[in-house]
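Working notes for the structure below.
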Amino acid sequence: MRFIRLFIGAFIVSIIFALNGFSAEKVLIDSLEITETNISVAETTTNPAKSPKIKKPFIPNSTTALLWSIIPGAGQLYNRQYWKLPIIATAYTACYYAISWNHANLTDYATAYSEFRSPNPMEHSTWKDFVPFGQDPETYITNPSLKTSLENNLKRGRDFFRRNRDLSIIVAAAVYALVMVDAYVDAELFTFDISPDISMSVQPTVQRHAFLPQQSLGVGLAFSF
Numbered sequence: 002m003r004f005i006r007l008f009i010g011a012f013i014v015s016i017i018f019a020l021n022g023f024s025a026e027k028v029l030i031d032s033l034e035i036t037e038t039n040i041s042v043a044e045t046t047t048n049p050a051k052s053p054k055i056k057k058p059f060i061p062n063s064t065t066a067l068l069w070s071i072i073p074g075a076g077q078l079y080n081r082q083y084w085k086l087p088i089i090a091t092a093y094t095a096c097y098y099a100i101s102w103n104h105a106n107l108t109d110y111a112t113a114y115s116e117f118r119s120p121n122p123m124e125h126s127t128w129k130d131f132v133p134f135g136q137d138p139e140t141y142i143t144n145p146s147l148k149t150s151l152e153n154n155l156k157r158g159r160d161f162f163r164r165n166r167d168l169s170i171i172v173a174a175a176v177y178a179l180v181m182v183d184a185y186v187d188a189e190l191f192t193f194d195i196s197p198d199i200s201m202s203v204q205p206t207v208q209r210h211a212f213l214p215q216q217s218l219g220v221g222l223a224f225s226f
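In this text, residue positions in the sequence shown follow the working numbering: the first is 2, and each later residue adds one.
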């Protein structure tokens with residue numbers, strides 16, 4: 002009987018210790034959860050969300066555009082006027098073709114004219130290409146009228162293609178300068194405000210004359226900004 006009492010007492014004591022341990026563990030877990038919550042809240046408050054970066058609008062600089070324009074078309078590329086590039090390329094291609102074609106013909110006519118006026122023109126062949134097909138080149142040496150006619154034709158052809166070659170060079174230089182001015186003006190007027198607030202209207206006006214007592218009605222233009 003005494004043994005049974007001791008056993009029951011030991012069982013009750015063990016239950017009490019177990020309940021105390023469970024309570025202590027629960028308090029420890031709760032305290033850990035609170036601590037972790039406090040840490041997460043602290044991290045949230047100390048690391049606020051970064052605001053997104055706002056990209057600045059592109060505004061070209063006129064001096065930079067002018068410097069870029071030293072390279073044909075680069076100024077328009079800097080200003081982001083991409084639609085102008087095919088026009089510029091076409092203009093430069095046409096100028097290059099005109100210069101090269103006129104220069105090639107100038108070289109042929111100048112060489113033929115120089116060889117034809119040499120002491121021994123029959124030793125050269127360039128001028129013979131300008132003799133009409135089927136005719137003997139030697140007759141243009143022995144016949145004075147034919148010789149004079151061919152010589153004048155060669156001289157006129159030389160002068161004609163030299164003039165056109167020089168004119169093509171001037172046009173190419175003008176195109177180059179125009180492209181530079183276009184890039185500079187585009188960059189300079191990039192921020193120019195063209196808004197609907199700028200308007201023009203026709204309004205009636207009263208005109209006063211210095212030497213007449215009466216007034217007259219008229220029409221005037223009114224600009225609003």
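Yeah, the Cβ is synthetic: ideal placement off N, Cα and C, and Gly gets one too.
All of these numbers come straight from a predicted model, not from anything done at the bench.
Does the Cβ of residue i have 16 or more other Cβ atoms within 10 Å, making it buried, or fewer, making it exposed?
{"i": "D187", "result": "buried"}
{"i": "G135", "result": "exposed"}
{"i": "S126", "result": "exposed"}
{"i": "S41", "result": "Confidence at S41 is low in this model, with a pLDDT of 47, below 50, so its placement is unreliable and the value that follows should be read with caution. That one is exposed."}
{"i": "I89", "result": "buried"}
{"i": "V180", "result": "buried"}
{"i": "P122", "result": "buried"}
{"i": "A174", "result": "exposed"}
{"i": "F59", "result": "exposed"}
{"i": "T45", "result": "A caution first: T45 carries a pLDDT of 48, below 50, which makes its placement in the model unreliable, though a value can still be read off. Its Cβ having fewer than 16 others within 10 Å, T45 is exposed."}
{"i": "S119", "result": "exposed"}
{"i": "R164", "result": "exposed"}
{"i": "A105", "result": "exposed"}
{"i": "P133", "result": "exposed"}
{"i": "P61", "result": "buried"}
{"i": "S70", "result": "buried"}
{"i": "N144", "result": "exposed"}
Where does residue i fall in DSSP's three states?
{"i": "P73", "result": "coil"}
{"i": "R166", "result": "helix"}
{"i": "L107", "result": "helix"}
{"i": "R157", "result": "helix"}
{"i": "P61", "result": "coil"}
{"i": "L78", "result": "helix"}
{"i": "F117", "result": "helix"}
{"i": "T91", "result": "helix"}
{"i": "L190", "result": "coil"}
{"i": "S126", "result": "coil"}
{"i": "K54", "result": "coil"}
Indicate whether at least one CB of chain B lies closer than 7 Å to the CB of residue i.
{"i": "P61", "result": "Absent from the structure is chain B; it holds one protein chain and no more."}
Contact between the segment 53 to 67 and the segment 169 to 188 is defined here as three or more beta-carbon pairs at a separation below 8 Å; is this criterion met? yes
Any contact of the segment 72 to 89 with the segment 150 to 159, i.e. 3+ C-beta pairs under 8 Å? Per the Cβ contact rule, the segment 72 to 89 is not in contact with the segment 150 to 159 (fewer than 3 Cβ pairs under 8 Å).
Do the segment 92 to 107 and the segment 167 to 176 meet, that is, are 3 or more Cβ pairs less than 8 Å apart? yes
Which runs of the beta strand (DSSP E) spanning at least 3 residues fall entirely within the segment 131 to 155, listed in chain order? If only uninterrupted beta strand (DSSP E) runs of at least 3 residues are considered, none is enclosed by the segment 131 to 155.
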